[in-house]
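Under the numbering used here, the first residue of the sequence shown carries the number 620, and numbering increases by one thereafter. A quick write-up on the structure given underneath.
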Amino acid sequence: MEKITVRGAGILGLSVAWECVRRGAQVKVVDPMGVGNGATGASVGSIAPHAPDNWNATKQIQLDGLLAAADFWTAVEERSGLATGFARTGRLQPIADQRALDLATARIKTVETAWQGRATWQVIPAKIDDEWQPKSDTGFLVFDDLSARIHPKMACNSLAVALQNSGVDFLAEASEYGSCNIWATGVAGLNQLYQDIGSPVVNGVKGQAVLLRPKRAAPSHSPLVYADDVYIVPHENGCVAVGSTAEKTFDYAYSTDKLLDDVIAKAHAILPGLAAAEVIDRWASLRPRTNSRRPILGPWPDRQHHYIANGSFRIGFSIAPAVAKLMADLVLERRNRIPPELSVPDKAEA
620 MEKITVRGAG
630 ILGLSVAWEC
640 VRRGAQVKVV
650 DPMGVGNGAT
660 GASVGSIAPH
670 APDNWNATKQ
680 IQLDGLLAAA
690 DFWTAVEERS
700 GLATGFARTG
710 RLQPIADQRA
720 LDLATARIKT
730 VETAWQGRAT
740 WQVIPAKIDD
750 EWQPKSDTGF
760 LVFDDLSARI
770 HPKMACNSLA
780 VALQNSGVDF
790 LAEASEYGSC
800 NIWATGVAGL
810 NQLYQDIGSP
820 VVNGVKGQAV
830 LLRPKRAAPS
840 HSPLVYADDV
850 YIVPHENGCV
860 AVGSTAEKTF
870 DYAYSTDKLL
880 DDVIAKAHAI
890 LPGLAAAEVI
900 DRWASLRPRT
910 NSRRPILGPW
920 PDRQHHYIAN
930 GSFRIGFSIA
940 PAVAKLMADL
950 VLERRNRIPP
960 ELSVPDKAEA
């Protein structure tokens, strides 16, 4: 039986551990911070695709992850007995002007090819009297049924319990264990890699988000809303997550400030139903964004039996099921299906 140490208990590390266990490996998960306490702990929980045109490897792995998400999270819930908050509720985006309306309409055809006929992109009329729909200057919205919601803390806890129920030990620290180490350790892990290959290190990108409790809960299975660079995600427990910022410069990485207040104000303007909502949780952390802005997957150069799965930035929950399969293929079956654009750069490329 293959023995694997997964370092990092965020969404990528947990998902890779889950796929390896399901294929018969013996796995330990190591993280001194515990489960889901880094960038994964954001309260937003939007699982949504980027625009379907200008297709690339990141958009493909995101699509693969989104299409696999329902089966992935159903299996986790069945093994753990705990909810994850996952539901494929779709997403609404207001259309600002005629140019944007023309582009949104043209993308209907693009989606048919890019999304393999397994999800749709529609232009629909906005409902003027619906407080849970965003206002639209054109009177139209984009609705896609590929997007989904998930509750990050619930999902990570459910995934951790599913792993424990499958015989996985969680440790705060450990020496090397077994045949390979898979590193999914966020900003710190990226900096270790970049130092090894001679690439400029990263500070991470700060994100801030908030969890609200509106006086009147959104209707069950309400779609996500994306407007004015803000995601609004109604969760099944009646709370609504709002976020997030993307700050390259900041004074304090793990505390919230006026920039989050500005995001909350935007959310109030986008959905009137949030105007009197109670703030129940504010979150700030650093998210790992690579120098290429793409996830990095594959063998760690010059470190035998060490691998990296990192750099998910804002799309960790979207790509996790697909990343888990690629990494398990690589370390357990010695099949490298990782697209070159997402592969770990070697020292000569840095």
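Virtual Cβ for every residue (Gly too), placed ideally from N, Cα, C.
Identify whether Tyr-850 lies in helix, strand or coil by the three-state DSSP scheme. It is a strand residue.
Residues of its chain near Lys-834, where Cβ-Cβ distance is below 6 Å and the 5 sequence neighbours each way are ignored: Counting only Cβ-Cβ distances below 6 Å, and skipping sequence neighbours, we find Ala-895.
Ala-903 - partner residues in DSSP beta bridges: Ala-903 pairs with Gln-827.
Suppose the cutoff is 8 Å on Cβ atoms and the five residues either side in sequence are ignored; what does the same chain contact list for Tyr-850 look like? Around Tyr-850: Val-663, Ser-665, Ala-667, Leu-843, Val-844, Ala-860, Val-861, Gly-862 and Ser-863.
By Cβ distance below 7 Å, which residues in the same chain neighbour Asp-788 in space, the five residues on each side in sequence not counted? Residues of the same chain with a CB within less than 7 Å of the CB of Asp-788, apart from the 5 flanking positions on each side, are Lys-647 in chain order.
Excluding the 5 residues preceding and the 5 following Thr-875 in the sequence, name in chain order all residues of the same chain whose CB lies nearer than 6 Å to its CB. Take Thr-875, set aside five residues on each side of it, and the residues of its chain with a beta-carbon closer than 6 Å to its own are Gln-827, Arg-901 and Ala-903, in chain order.
Does DSSP put Arg-626 in a helix, in a strand, or in coil? Per DSSP, reduced to three states, the secondary structure at Arg-626 is strand.
Does the separation of the CB atoms of Val-654 and Ser-777 fall below 8 Å? Not a contact, by the Cβ cut-off of 8 Å.
With 16 other CB atoms within 10 Å as the buried threshold, where does Tyr-926 fall? Tyr-926 sits buried, since 16 or more C-beta atoms from the chains shown fall within 10 Å of its C-beta.
In three-state DSSP terms, what is Ala-969? Interpretation of Ala-969 is limited by its pLDDT of 49, a score under 50 that renders its predicted location unreliable; no figure is taken from the coordinates.
Proximity winner among Ala-846, Met-773 and Ala-939, relative to Ser-699 (alpha-carbon distances): Ranking the options by Cα distance to Ser-699, first place goes to Met-773.
Kindly indicate the opening and closing residues of the beta strand (DSSP E) around Arg-710. Where Arg-710 is concerned, the enclosing beta strand (DSSP E) stretches over 710-713.
Which of the three DSSP states, helix, strand or coil, is assigned to Lys-754? In this structure, Lys-754 counts as coil in the three-state DSSP scheme.
Met-620 to Val-635 span [Cα, whole Å]: CA-to-CA, the gap between Met-620 and Val-635 works out to about 17 Å.
Whole alpha helix (DSSP H) elements within the stretch 722-802, 4-residue minimum: Along the stretch 722-802, the alpha helix (DSSP H) occurs as fully enclosed runs of 4 or more residues at 771-784, listed in sequence order.
The alpha helix (DSSP H) spanning Pro-940 covers which residue range? According to the DSSP assignment, Pro-940 belongs to the alpha helix (DSSP H) that extends over 935-952.
Would you mind reading off the limits of the beta strand (DSSP E) that contains His-924? It is not in any beta strand (DSSP E) - His-924 carries neither H nor E in the DSSP assignment.
Which same chain residues, not among the five before or five after Gly-632, have their C-beta less than 6 Å away from its C-beta? For Gly-632, where only same-chain residues beyond five positions count, the Cβ hits under 6 Å are Val-625 and Ala-803.
Which residues DSSP lists as bridging Asn-929, in chain order: BP columns for Asn-929 point to Ile-915.
Express the C-alpha separation of Thr-677 and Leu-961 in angstroms, rounding to a whole number. Inter-residue distance for Leu-961 and Thr-677 is about 8 Å (C-alpha atoms, whole angstroms).
One question on the structure: do Asn-929 and Pro-819 come within less than 8 Å of each other, judged by their Cβ atoms? Contact: no.
What three-state label does DSSP hand Lys-647 in the structure shown? Here Lys-647 sits in strand by DSSP.
Are the Cβ atoms of Pro-753 and Ala-846 separated by less than 8 Å? With respect to the 8 Å criterion, Pro-753 and Ala-846 are classified as neighbours on the basis of their beta carbons.
Spatial neighbours of Arg-707 within its chain, please: CB distance less than 8 Å, with the 5 preceding and 5 following residues excluded, ordered by chain position. So the qualifying residues of the chain are Ala-688, Ala-689, Asp-764, Leu-765, Ser-766 and Ala-767.
So Ala-658 and Gly-629 are in contact, right, with Cβ under 8 Å, and what is the actual spacing, rounded? Rounded to whole angstroms, the Cβ separation of Ala-658 and Gly-629 is 6 Å, and the two are in contact under 8 Å.
For Gly-808, which residues in the same chain have their Cβ closer than 8 Å to its Cβ, ignoring the five residues on either side in sequence? Arg-626, Gly-627, Trp-802, Pro-907, Ile-927 and Asn-929, listed in sequence order.
On the criterion of 16 or more Cβ atoms from any shown chain inside 10 Å, does Val-898 qualify as buried, or is it exposed? Result: exposed.
Just tell me which of Pro-671, Ser-755, Leu-782 and Glu-638 has its CA closest to the CA of Gln-735. If we check each option's Cα against that of Gln-735, Pro-671 comes out closest.
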